[in-house]
Each structure stands twice: as C-alpha cells, then as structure tokens.
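Chains as they are written, first to last, in UniProt numbering: chain D, 1 to 223; chain H, 1 to 223.
Each residue gets a CB set at the ideal place from its N, CA and C atoms; glycine is no exception.
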DNA sequence: AAAATAGTGTCTTTTAGACAATATGGT
DNA sequence: ACCATATTGTCTAAAAGACACTATTTT
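Right, dumping it as structure tokens:
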C-alpha cells in the first residue's frame, strides 16, 4: 500500500525565435485528448527505456516532433501538481530553446506554427503560464548574459546583436556602449570578413566564444 | 504495452546556512537502502495523494524531517536519469533553501548535521554534484540579487549583510560602495532602532523590503 | 579616554551615455 | 557623388573605489 501513485512525467519545450521583430513561440495543435485541437507546447512523456536524462528526452522530443535539435536549450523549471493535467498528478520538466528563424526554417521537417508571445490564444494545460515564465527568464538573463545571441544565426554582426538585445529586453540600449562593451569583453571572435547584404556599410561578422557568456555588468538600463 | 515505465519522482533539498564563517549544508544519515549509512540531502518521494505541487512536497519534507519550513526556498533544477538511483529511472526536483543559523537552531526539532560545502565527504546518489550546483547558483545570484540575505536573520545590519555577501561571493567587496548602494536602492527598510550587542558603535537594523530584490548592477568585482 | 565598529564626505578612477566624426559599402 | 549604415573618438555624466573623517557605543 504505497502512500502515493507515481506521477506522470513529461517534458515540454518552449522553442523561441524572432520573426517580424517579435519573439515567437513554436506551438503544435494537439491531436489527442486531453485538449485535442488546442495549441500546446511541443512535449511528450519521458521514455525511461531509452532517455538517458531529461535533456536527452527534450532532444528526442524536439527531433521527433520538429525534425531537429536546437542549438541552444536549457532547463527552465519543473512544474507539477494534481490538476494541471487531467490525466493525473503530473510533473513537467520545462526547457527553453532558442533558435534563429533561419535555422528553424532550414532544419524543420514540418510546417511551423509560430505565435507571438505577446498575444497568445488560450493554450492547452498551463502552457500560457509556462511561456510567460520562459520569456521572463530570457529577458532576465539577457541583462547579464549572451543568451539572446542564440536567437541569431551562428555568425552575426554587432549591430544585429544590438537589435536583438533591444527586442528581447524591450528597451533601447546605447549603441556606443553596447558596441564598446561586447568588443572589449572578448566574448566575440571574428568569423570571416565576408558580410551579409545590406544597404550601408557592411558590418563585421562574429561568432560567440562559447567559453565566455556572462557580462560583468548589465548592458544598461536603456536611456 | 507502454514504451516506458513511470520514473520515480523525488524532491531533494539543499538547505544552506552560515556557521563559523562558512557555508554549510544540512545532511542526514540514510537509514535505508540504497546508500544506508551514507550522508544525503534531506529528500523524499512526492506524495501524489496529498502534495499540491513540488514546492508543497518540499515544504512537507522539510517539516517532516527537520521540524520547520525554511524562510526561503526556491527550485534549483531537476535532475534525472536511469542510473542515479539504483531503484530505477528517477527524477529529482531539487530545491535550495536558505536559513540563518539562529533560525535553524531555534526551529529544528532534531539534532542538526551541518557540513561545510567546501569539504564534503562522499554523499549518497549524485548529491555531491547537486550541492555544488546549489552553491554555484547562490554565488551567481548573489552578484545581482539579495538572495544571500536569507542567510541572515530577518533583522540585520548593513555591515552584517556586507560580511555575508563577502563570504558567499568569496571576494572582498568595497564597504563604502556596498553601503551606498544598498542604502540608495531602497531595498531595505529600518526595523526598529534597537541594535544587537557588539564591541563598537551599534549598527542600525534593517529588514528586506520583499518587493524589491534585484540590483540594477552587480555589487562589484572585489578589489 | 581609548578602542572598536558604524556611517558619511570627498576625491579619484572607471564605466556608461551623448554625440559627432570618420569609414565603408551600395546605388 | 550620395546615401545609409558601421565603427571609432571624445567629451560629459554617472557609478564605483579609495581613503579619511566623524559618530556612537563598549570597556
């Protein structure tokens, strides 16, 4: 007579990207109950016969459902309770994944459903709340780490990076200070000189040095 | 024929406090297999018949095993895998809890086993790694939030706070700047004028305004 | 009064912001 | 040549660090 039944254990993934100057999240329409027909985060059960851990399960689910594993993925938090899933007491290990729109388009095997995080319909389970938390985390880490860079292609310019940080943080950032800071901190390394097409002078291309990813100080409070 | 069995779901708690100028963690000797006789983090199964969520389970386990729920507790991460627990594929939702040594002494129902995090014996399961991560998180958050204040009693002085931050971060922090910053940021409110005993001038006592807990900038890089 | 610690003022150094000048690519 | 954007230089403003002076409490 155990004092408890085992909970359901699932993994859910908040896959974020930038499109049309907005943060968007990848959602899928549920085909089965509960919440059949409703939009939901990509997710699934942990497979204890094959998955080596939660990260592994997340990668498997991404690969199965979307056709690729994103360049950046990290655990957000674990949400649990008796009522959040009608099937029973459930534990959801939530991951945040970031990818550039380009990489998403080129890797994805299925037609994508991207929705602006600022105006989501009512999602299945507690997924609205989960997306909100994921965005909060991205904003918060954006003030002291290079996390938002993962929304860019592997090679990017400092002006692109500046723009992404402004979008993610939602405030204007001093251009001079931003450039000076990321340059002086040595978190970037030149990635070929060849630039992308644009209207004015072409910008130098960089990639992240993966060892360093934290700023010593925040990137500013806007103006 | 499911493609997986349900994992074991447990909660583990890294309860940290300061004693003798050191960060220490609360450990308990395991009485049952696996790892009987080995030191381990306080933890236990999630009870799906009573717990309303993971936080609730953590509070219940704290109360049951130690006799109280700590003032501050937050989820650290969830660790999972097939081999970390010999009983099977397991999921451990890990919490970090902070408490002052005084509160720990006055609330705890059982004799305490505090061990310096800098010199731990070999613990049960993967608990050494978990403690290491908890300390990393505390250090990291200490640079931009008031988290380490929860290692102090509810009422404390700025010099006490300064000292705790130096211990947690492991670097000397400029006293003038620290004082100026926490004063000007308005994260503290005066808590009675009556001071604690000491040798020199008595310090003003404050408590945390709970609304505000993040610094705009880090507390410094030491000297 | 002396010692010890708290709190504050002020000067210096560092970092961030404003703004303009220069550089470089496209048309 | 002209426009647009990138990059850099420089001046100003804000924040942090160094250091000393004042304040308060114990012995």
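Start-to-end residues for the alpha helix (DSSP H) that takes in residue i
i	result
residue 163/H	158 to 169
residue 209/H	Residue 209/H -> no alpha helix (DSSP H), and no H or E assigned at all.
residue 56/D	54 to 66
residue 181/D	175 to 185
Endpoints, the beta strand (DSSP E) within which residue i is located
i	result
residue 92/D	90 to 98
residue 225/D	Here chain D covers residues 1 to 223 and nothing more, so residue 225/D does not appear.
residue 104/H	Taken as a continuous stretch (DSSP letters only), residue 104/H belongs to no beta strand (DSSP E), being part of the alpha helix (DSSP H) at 101 to 107.
residue 205/H	No beta strand (DSSP E) holds residue 205/H; DSSP gives it neither H nor E.
residue 15/H	8 to 19
residue 24/D	22 to 26
residue 43/D	43 to 45
residue 33/D	Premise fails: residue 33/D is in no beta strand (DSSP E) and is neither H nor E.
residue 189/H	188 to 190
Other residues of its chain near residue i: CB distance less than 7 Å, five sequence neighbours each side excluded
i	result
residue 107/H	67, 68
residue 203/D	157, 158, 159, 195
residue 102/D	153
residue 35/H	124, 125
residue 121/D	39
residue 177/H	220
residue 214/H	144, 145
residue 79/H	92, 94, 126, 130
residue 115/D	24, 25, 27
Per-residue contacts from residue i into chain H (C-beta, under 8 Å)
i	result
residue 217/D	217, 218
residue 48/D	4, 5, 6, 7, 82, 88, 89
Beta-carbon proximity list for residue i, same chain, < 8 Å, skipping 5 on both sides
i	result
residue 8/D	45, 85, 87, 88, 89, 90, 91
residue 105/D	112
residue 138/H	16, 23, 96, 98, 147, 148, 168
residue 182/D	158, 161, 188
residue 6/H	none
residue 118/D	22, 23
residue 28/H	39, 40, 41, 42, 65, 113
residue 61/D	11, 13, 42, 43, 44
residue 59/H	69, 73
residue 77/H	94, 133
Within chain D, partners of residue i - CB distance below 9 Å
i	result
residue 144/H	143, 144, 218
Sequence-distant residues of its chain with Cβ nearer than 6 Å to residue i (five each side left out)
i	result
residue 155/D	191, 205, 207
residue 51/H	57
residue 70/D	97, 99
residue 1/H	Because the pLDDT of residue 1/H is 44, which lies under 50, any placement of that residue in the model is unreliable, and the number read from its coordinates should be weighed accordingly. Here the set comprises nothing.
residue 141/H	147
residue 82/D	89
residue 225/H	It is not possible to answer for residue 225/H, since the shown part of chain H is limited to 1 through 223.
residue 109/H	67
Partner residues on chain H for residue i, Cβ-Cβ distance less than 7 Å
i	result
residue 54/D	78, 80
residue 45/D	4
Amino acids of chain D, ordered along the chain, whose beta-carbon sits closer than 8 Å to that of residue i
i	result
residue 128/H	The premise fails here: residue 128/H is roughly 17 Å from chain D at the closest Cβ pair, so nothing lies under 8 Å.
The ligand GTP heavy atom lying under 7 Å from the CB of residue i
i	result
residue 137/D	This structure lacks the ligand GTP; in fact it carries no ligand of any kind.
Worksheet item: Taking the runs of the beta strand (DSSP E) that are 3 residues or longer, which of them lie wholly in the segment 113 to 161 of chain H?
Response: 114 to 116
Worksheet item: Of all the residues that make up the segment 75 to 103 of chain H, which are near chain D by a beta-carbon distance shorter than 7 Å?
Response: 75, 77, 78, 80, 81, 82, 89, 91, 93
Practice prompt. For the segment 2 to 22 of chain D, enumerate the residues whose C-beta is nearer than 9 Å to any C-beta of chain H, in chain order.
Written response: 2, 3, 4, 5, 6, 7, 8, 9
Worksheet item: Relative to chain D, which residues along the UniProt domain "NrtR DNA-binding winged helix" (149 to 208) of chain H have a C-beta separation below 7 Å, given in chain order?
Response: Of all residues in the UniProt domain "NrtR DNA-binding winged helix" (149 to 208) of chain H, none has a Cβ within less than 7 Å of some Cβ in chain D.
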